[in-house]
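In the numbering used here, the protein residues as written are 6 to 251. Each residue gets a CB set at the ideal place from its N, CA and C atoms; glycine is no exception. Worksheet for the structure shown next.
Shown next as structure tokens:
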């Protein structure tokens with residue numbers, strides 16, 4: 006059991022390392038659907054290349070996924086000029102179109118349902134060493150970008166695209182969204198290191214409890230962790246509210 010749980014937990018912690026600070030930025034910027042859209046852009050780009058070329062070269066596929074996500078991030082940066090409301094609407098609309106394209110590309114594939122489920126719910130319990138290295142590298146690049154640069158394209162959109170590309174292939178679209186949003190919501194309103202540490206703690210607890218429940222009751226690991234992250238975030242938010250009234 007430990008042999009399965011430990012790599013999955015490491016994957017979750019690597020995802021949180023980049024997604025928690027990015028998620029806090031997402032809430033501050035008010036563009037909640039950006040994570041779903043960028044994740045779907047990377048997944049759809051990968052699917053298109055695989056369907057049309059049948060390439061199996063991991064390096065080439067990773068390059069395509071990163072390039073697709075970066076191009077999409079550049080587009081989102083340009084949409085900033087239209088204002089938050091229009092940008093958010095465009096992001097949501099793009100996600101729906103990309104998801105629909107993925108369904109259409111898999112319409113005649115006998116394993117299409119399986120591929121879609123894998124891209125959405127992920128298979129974190131079966132994460133590979135190569136995926137762990139990809140997550141670690143993506144987290145390092147994203148954190149360095151956020152630390153060293155001030156231009157939004159290099160400090161937010163670029164790091165976001167790199168981090169999402171690696172994580173969506175390892176844990177799926179649902180967990181990417183949950184890892185970005187739920188810890189950030191739990192620490193919303195708290196600035197600096199205290200807020201960041203609380204968000205990381207909520208995320209780590211959510212992954213640990215969700216993976217444990219998945220193994221104990223034979224539940225799908227991705228959805229189990231998503232629900233666990235939501236529960237931990239809700240518990241933390243309620244606790245903060247009670248403490249604030251005292």
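Residue 249 has its alpha-carbon roughly 52 Å from the corresponding atom of residue 112. With contacts defined by Cβ atoms closer than 8 Å, residue 176 and residue 20 form a contacting pair.
Classified as buried, residue 36 has 16 or more neighbouring CB atoms from the shown chains inside 10 Å of its CB. Taking C-beta separations shorter than 8 Å and ignoring five residues to either side along the sequence, the partners of residue 39 in its chain run 31, 81, 96 and 165, following chain order. The way I'd put it, the region 176-187 does touch the region 219-230; three or more beta-carbon pairs between them come closer than 8 Å. When only Cα atoms are considered, residue 170 and residue 185 end up about 14 Å apart. Excluding five sequence positions before and after residue 93, the CB atoms of its chain that fall closer than 8 Å to its own CB belong to 35, 36, 37 and 38, given in chain order. Within the same chain, Cβ atoms closer than 6 Å to the Cβ of residue 158 are found at 82, the five residues on either side in sequence being excluded.
Closest option to residue 71, judged by alpha-carbon separation, among 28, 146 and 102: 146. Check the Cα spacing between residue 43 and each of 163, 156 and 109: the tightest is with 163. Cβ contact annotation for residue 189 (same chain, cutoff 8 Å, sequence separation greater than five): 25, 28, 29, 31, 32 and 204, in chain order. Between residue 234 and residue 246, the C-beta spacing is not below 8 Å. Residue 207 sits close to residue 191, with the two beta carbons spaced by under 8 Å. Contact annotation, residue 46 with residue 74: C-beta distance approximately 6 Å; criterion of less than 8 Å satisfied.
For residue 76 and residue 226, the gap between their C-alpha atoms comes out near 31 Å. In this structure residue 16 is not in contact with residue 148, their Cβ atoms being roughly 17 Å apart against a cut-off of 8 Å. Assigned with DSSP and collapsed to three states, residue 195 falls in coil, not helix or strand. Within the region 113-156, the runs of alpha helix (DSSP H) at least 4 residues long that lie entirely inside it are, in chain order, 117-126 and 134-153.
Taking C-beta separations shorter than 8 Å and ignoring five residues to either side along the sequence, the partners of residue 124 in its chain run 48, 52, 107, 173, 177 and 178, following chain order. Going by DSSP, residue 234 is part of the alpha helix (DSSP H) stretching over 226-250.
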